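Chemist: Chains as they are written, first to last, in our numbering: chain A, 210 to 351; chain B, 130 to 350.
Cβ atoms here follow ideal geometry from the backbone N, Cα and C, with glycine treated the same way.
Predicted, not measured: the structure shown is a model, and the values here were computed from it.
First the structure, then my questions, so here it is.
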Amino acid sequence: MRINWPAAVLALGLSAPAGACPGLEVEEPWIREAPPGAMMTAAYARLRNAGDRLLRIDGGFAANFASAELHRSIVENGISRMVHGEPLELLPGATGALAPGSWHLMLLRPSRPLKAGEQVAVALKCGRQAKEFVFTVKAAQE
Amino acid sequence: MRAAARHPQLRRHRKFSLPPSKALPLAVAAVAALAAGIWGALQWQARAPAAATLQSGVVLAQPRPIAEFALLDQDGKPFTREQLRGRWTVLFAGFTHCPDVCPTTLGLMKALTQRLAQPAPAMVFLSVDPERDTQDALAAYVRHFGAAIQGVTGPREELDRLCASLGIAYLKIPGATEGDYTVDHSAALVLIDPQARVAGYFPPPHKLDTLAADLSEIAGT
Chain A
210 MRINWPAAVL
220 ALGLSAPAGA
230 CPGLEVEEPW
240 IREAPPGAMM
250 TAAYARLRNA
260 GDRLLRIDGG
270 FAANFASAEL
280 HRSIVENGIS
290 RMVHGEPLEL
300 LPGATGALAP
310 GSWHLMLLRP
320 SRPLKAGEQV
330 AVALKCGRQA
340 KEFVFTVKAA
350 QE
Chain B
130 MRAAARHPQL
140 RRHRKFSLPP
150 SKALPLAVAA
160 VAALAAGIWG
170 ALQWQARAPA
180 AATLQSGVVL
190 AQPRPIAEFA
200 LLDQDGKPFT
210 REQLRGRWTV
220 LFAGFTHCPD
230 VCPTTLGLMK
240 ALTQRLAQPA
250 PAMVFLSVDP
260 ERDTQDALAA
270 YVRHFGAAIQ
280 GVTGPREELD
290 RLCASLGIAY
300 LKIPGATEGD
310 YTVDHSAALV
320 LIDPQARVAG
330 YFPPPHKLDT
340 LAADLSEIAG
350 T
């Protein structure tokens, strides 16, 4: 079954369920302002597992985007590639990052162009749970 | 040349010095060795002027000529080997349906042009996805990164010819849904000299400071 996550989240009122992705924290969450007409962009943040259980982030969803997928950019033999289907694992107390050139939440098919300064609700999914954060759109430089 | 007689230090330690008949061949050999060393160092420098100080990439010992090709830029103007002559160029191959690496690299190229003394090297974004990157799509995309970046693409055959010259590889990878795909592509920035030859490569991770320093040194800006 394909879960419609935005709808599922709305239906469950998942905005603040105590148990979703327990301990997951983000810092400096941001979305790259996409060039006009671009069908995709990416969301980034520093991550921390403040809980006492392993967290496996395997995707997400975002307001204003048709879908979101967890990807990792890698360079292999000089070739830039995207890896997907691989969860980002955070041990208790560990930090990680969604960062340019590495893990990122790819955001697809925006409903409208998003401008720098706008705020977007982005949920990070850990298995069947998801935790929502507010990401800020930024004109990325460096 | 009587080295012992002319050199005060040798004269002072005369009892330790060699008789002139043996000192002369040795002195000649030493001078020859020194000269050979300097000559060798100069030759090495001439071949790879910046390699010794490059922090972020490699300069080819022998720049590699680029075969002729015919592509178009984002305004529909011809982009051929002629456009590469008379200036340094930094080229990155990618595609616009690329959420992470391509916009990150183009942002870096924009920052580079702002950092470097003018005239900075020309910055070219070569799309290896001409099916989706139409002229209009490419124009909207590169303009987002300022006027300094030129978007270039064209027929597959011409694109492949240029990629072969540049040592760039790319491969379409089917996506999850029908018709969807992504493109694996070379991650390095390619440096092209004012004679339209491949002069070097800057592999990732790209750091603005070291790239700017290296480009200033190589491209003399």
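Using the beta-carbon count (16 or more within 10 Å), is residue 319 (chain B) buried or exposed?
Modeler: Numbered from its first residue, the second sequence carries residue 319 (chain B) at position 190. Buried: at least 16 other Cβ atoms inside 10 Å.
Chemist: Between the Cα of residue 289 (chain B) and the Cα atoms of B:314, B:273, B:306, B:270, which residue gives the shortest distance?
Modeler: One-based indexing of the second sequence puts residue 289 (chain B) at position 160. With distances taken between Cα atoms, residue 289 (chain B) lies closest to B:314.
Chemist: How about residue 336 (chain A) and residue 265 (chain A): are their beta carbons less than 8 Å apart?
Modeler: Taking the first residue of the first sequence as position 1, residue 336 (chain A) is located at position 127. Taking the first residue of the first sequence as position 1, residue 265 (chain A) is located at position 56. It is a contact, given that the beta carbons lie within the stated cut-off.
Chemist: According to DSSP, what are the bridge partners of residue 313 (chain B)?
Modeler: Looking up residue 313 (chain B) in the second sequence gives position 184. Answer by DSSP bridge pairing, in chain order: B:300.
Chemist: Mapping the DSSP letters down to three states, classify residue 277 (chain B) as helix, strand or coil.
Modeler: On the second sequence, residue 277 (chain B) is found 148 positions in, with the first residue counted as 1. Looking at residue 277 (chain B) - three-state DSSP - the assignment turns out to be coil, as it is neither helix nor strand.
Chemist: Please report the residue range of the alpha helix (DSSP H) in which residue 269 (chain A) lies.
Modeler: Taking the first residue of the first sequence as 1, we reach residue 269 (chain A) at position 60. Taken as a continuous stretch (DSSP letters only), residue 269 (chain A) belongs to no alpha helix (DSSP H), being part of the beta strand (DSSP E) at 268-271.
Chemist: Please classify residue 204 (chain B) as buried or exposed, where buried requires at least 16 other C-beta atoms within 10 Å of its C-beta.
Modeler: Along the second sequence, one-based indexing puts residue 204 (chain B) at 75. In this structure residue 204 (chain B) is exposed. Its beta-carbon is surrounded by fewer than 16 other beta-carbon atoms within 10 angstroms.
Chemist: What residues of chain B sit near residue 287 (chain A), judged by a beta carbon separation below 7 Å?
Modeler: Position 78 of the first sequence, counted from the start, is the residue given in the question as residue 287 (chain A). Near residue 287 (chain A) (Cβ distances below 7 Å), the residues of chain B are 315, 316, 317, 332.
Chemist: Taking C-beta pairs closer than 9 Å, name the residues in chain A that residue 282 (chain B) reaches, listed in chain order.
Modeler: Numbered from its first residue, the second sequence carries residue 282 (chain B) at position 153. By Cβ distance, chain A contributes nothing, its closest Cβ being about 15 Å from residue 282 (chain B), past 9 Å.
Chemist: Taking the straight line between their C-alpha atoms, what separation do you get for residue 253 (chain B) and residue 333 (chain A)?
Modeler: On the second sequence, position 124 is the one that residue 253 (chain B) refers to. On the first sequence, position 124 is the one that residue 333 (chain A) refers to. Rounded to whole angstroms, residue 253 (chain B) to residue 333 (chain A) spans 35 Å at the Cα level.
Chemist: Between the stretch 315-333 of chain A and chain B, which residues of the former have a C-beta closer than 9 Å to a C-beta of the latter?
Modeler: 315, 316, 317
Chemist: Which residue or residues does DSSP assign as beta-bridge partners of residue 221 (chain B)?
Modeler: Walking along the second sequence from the start, residue 221 (chain B) turns up at place 92. In the DSSP output, where bridge partners are listed per residue, residue 221 (chain B) has B:254.
Chemist: Using a cut-off of 8 Å between C-beta atoms, extract the partners of residue 310 (chain A) located in chain B.
Modeler: Translated into positions along the first sequence, residue 310 (chain A) becomes position 101. Those are 229, 230, 233, 333, 334, listed as they occur along chain B.
Chemist: When you compare only the Cα positions, how much space is there between residue 283 (chain A) and residue 221 (chain B)?
Modeler: Counting from one through the first sequence, the residue named residue 283 (chain A) turns up at place 74. Counting from one through the second sequence, the residue named residue 221 (chain B) turns up at place 92. Whole-angstrom Cα-Cα distance: 16 Å.
Chemist: Find the nearest neighbour of residue 256 (chain B) within the set B:264, B:344, B:250, judged by alpha-carbon distance.
Modeler: In the second sequence, residue 256 (chain B) corresponds to position 127, counting from 1. Closest by alpha carbon: B:264.
Chemist: Three or more C-beta pairs closer than 8 Å, one from the stretch 265-281 of chain A and one from the stretch 180-195 of chain B: is that the case here?
Modeler: no
Chemist: For residue 324 (chain B), which residues in the same chain have their Cβ closer than 6 Å to its Cβ, ignoring the five residues on either side in sequence?
Modeler: Against the second sequence, residue 324 (chain B) aligns to sequence position 195. Answer for residue 324 (chain B): no residue qualifies.
Chemist: So, does the CB of residue 296 (chain A) fall closer than 8 Å to a CB anywhere in chain B?
Modeler: Position 87 of the first sequence, counted from the first residue, corresponds to residue 296 (chain A). No - not a single Cβ of chain B is within 8 Å of the one on residue 296 (chain A).
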